[in-house]
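Numbering (the numbering used here), first residue to last: 773 to 1000. Using N, Cα and C, we set each Cβ at its ideal position, and we do this for glycine too. Since the structure is predicted, the reported quantities are computational estimates derived from the model, not experimental observations.
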């Protein structure tokens, strides 16, 4: 029996993914508001081999291709499959708001394809001081739905402006201690100039338009950082 905050979706698998899961379809209970990315993460906990496919997986909801930020609804049919025959492997587009630690190196390696000659990885980490005061930790808060949309908008613009292969933009919320990664932008491309320029633009734009705020905690107090 489903809990009040849960919903059920039907998953369809094809080709090699069907072999990994051992079934063509499954019923899955997910929290209300879950995204396609959340569904994939849940599946990977039961079928770890799926992690190897994440950079190139294609997804559809009710027979329409969707990005992994798309939200699923009660009764949706979610299809998960590898690149179709005759097509090239899909380039990665990853946009996430998470409360889990960010492993940028792992994500970068998952995104890498044979034709890529460059990976540019930016990580914003929590430092131990701010304006001459010792920082104890930070807490990030965000308008999550809008933040995801803005990450995707930035990614789409970057794809149009630079000749890149994959892009990932991930921001963490909640409490972060000194040295932890708060945000990561990863760009893969055939050549370094495109990767550098696209990554630089993406993080600068993220800081300006994505609705996320941080609260700094010091030995003698705390303060929200806004408009900086």
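Check your understanding: Roughly how far, in whole angstroms, is the beta-carbon of residue 874 from the beta-carbon of residue 947, given that I think they are within contact range, below 8 Å?
Key -> Locating residue 874 in the chain shown gives position 102, where the first residue counts as 1. Locating residue 947 in the chain shown gives position 175, where the first residue counts as 1. That belief does not hold up - the Cβ atoms of residue 874 and residue 947 are roughly 14 Å apart, past 8 Å.
Review point. Would you report the Cα separation of residue 914 and residue 847, rounded to the nearest angstrom?
Key: By one-based count along the chain shown, residue 914 stands at place 142. By one-based count along the chain shown, residue 847 stands at place 75. Distance between the alpha carbons of residue 914 and residue 847: 29 Å.
Review point. Residue 842: buried (16+ other C-beta within 10 angstroms of its C-beta) or exposed?
Key: By one-based count along the chain shown, residue 842 stands at place 70. Classification for residue 842: buried.
Point to revise | Rounded C-alpha distance that separates residue 920 from residue 866 | key: The residue given as residue 920 occupies position 148 in the chain shown. The residue given as residue 866 occupies position 94 in the chain shown. One C-alpha to the other measures close to 10 Å.
Review point. If you run the structure through DSSP and keep just helix, strand and coil, what is residue 964?
Key: By one-based count along the chain shown, residue 964 stands at place 192. Three-state result, residue 964: helix.
Practice item. State the DSSP-derived secondary structure class of residue 838, mapped to helix, strand or coil. Key: The count along the chain shown starts at 1 and reaches residue 838 at position 66. Coil at residue 838, not helix or strand.
Exercise for review: Pick out whichever of 799, 813, 963 and 995 has its Cα sitting closest to the Cα of residue 889.
Suggested key: Counting from one through the chain shown, the residue named residue 889 turns up at place 117. Nearest option by C-alpha distance: 963.
**Study point:** Inter-residue Cα distance where the pair is residue 941 and residue 794
**Key:** Counting from 1 along the chain shown, the entry for residue 941 is found at position 169. Counting from 1 along the chain shown, the entry for residue 794 is found at position 22. Whole-angstrom Cα-Cα distance: 32 Å.
Check your understanding: Of all the options 894, 893 and 908, which has the alpha carbon lying nearest to the alpha carbon of residue 900?
Key -> For the purposes of this step, residue 900 is identified with residue 128 of the chain shown, where counting begins at 1. If we check each option's Cα against that of residue 900, 908 comes out closest.
Review point. Candidates 798, 791 and 804: which alpha carbon is nearest residue 778's?
Key: In the chain shown, counting from the first residue as 1, residue 778 sits at position 6. If we check each option's Cα against that of residue 778, 804 comes out closest.
Review point. Who are the near neighbours of residue 821 in its chain, counting only those whose CB is closer than 7 Å to its CB and skipping five residues on each side?
Key: Indexing the chain shown from 1 puts residue 821 at position 49. Around residue 821: 792.
Review point. Is the Cβ of residue 798 closer than 9 Å to any Cβ of chain D?
Key: Protein chain content of the structure displayed is limited to a single chain, and chain D is not contained in it.
**Study point:** Touching by the beta-carbon criterion (3+ pairs, under 8 Å), the stretch 989-996 and the stretch 922-940
**Key:** no
Exercise for review: Can you grab the Cα-Cα spacing for the pair residue 798 / residue 991, in whole Å?
Suggested key: Within the chain shown, the letter at position 26 stands for residue 798. Within the chain shown, the letter at position 219 stands for residue 991. Residue 798 and residue 991: Cα-Cα distance of roughly 51 Å.
Practice item. If I'm right that residue 930 touches residue 880 with Cβ under 8 Å, what's the distance once you round it to whole angstroms? Key: Here residue 930 refers to the residue found at position 158 when the chain shown is read from its first residue. Here residue 880 refers to the residue found at position 108 when the chain shown is read from its first residue. With a Cβ gap of about 16 Å, residue 930 and residue 880 do not count as contacting.
Review point. Do you know how far the Cα of residue 839 is from the Cα of residue 807?
Key: Translated into the one-based positions of the chain shown, residue 807 becomes position 35. Translated into the one-based positions of the chain shown, residue 839 becomes position 67. So the two alpha carbons sit approximately 9 Å from each other.
**Study point:** Residue nearest to residue 868 in terms of C-alpha spacing, selected from 787, 957, 815 and 834
**Key:** Your numbering for residue 868 matches position 96 in the chain shown. That would be 957, whose Cα lies nearest to the Cα of residue 868.
Review point. Which residue comes first and which comes last in the alpha helix (DSSP H) that contains residue 869?
Key: By one-based count along the chain shown, residue 869 stands at place 97. Note, residue 869: premise wrong, no alpha helix (DSSP H); beta strand (DSSP E) at 865-870.
Review point. Among 819, 927, 828 and 897, which has the Cα closest to the Cα of residue 949?
Key: Position 177 of the chain shown, counted from the first residue, corresponds to residue 949. The residue with the shortest Cα to Cα distance from residue 949 is 897.
Check your understanding: Just to confirm, are residue 833 and residue 912 a CB contact at a threshold of 9 Å?
Key -> Along the chain shown, read from residue 1 onward, the residue named residue 833 stands at position 61. Along the chain shown, read from residue 1 onward, the residue named residue 912 stands at position 140. No.
Review point. For residue 801, which three-state DSSP category applies?
Key: The sequence position of residue 801 within the chain shown is 29, counting from 1. Residue 801: strand per DSSP, three-state reduction.
Review point. Quick one: is residue 904 buried, meaning 16 or more other Cβ sit within 10 Å of its Cβ, or exposed?
Key: Position 132 of the chain shown, counting from 1, holds the residue named residue 904. Exposed, since its Cβ has fewer than 16 Cβ neighbours within 10 Å.
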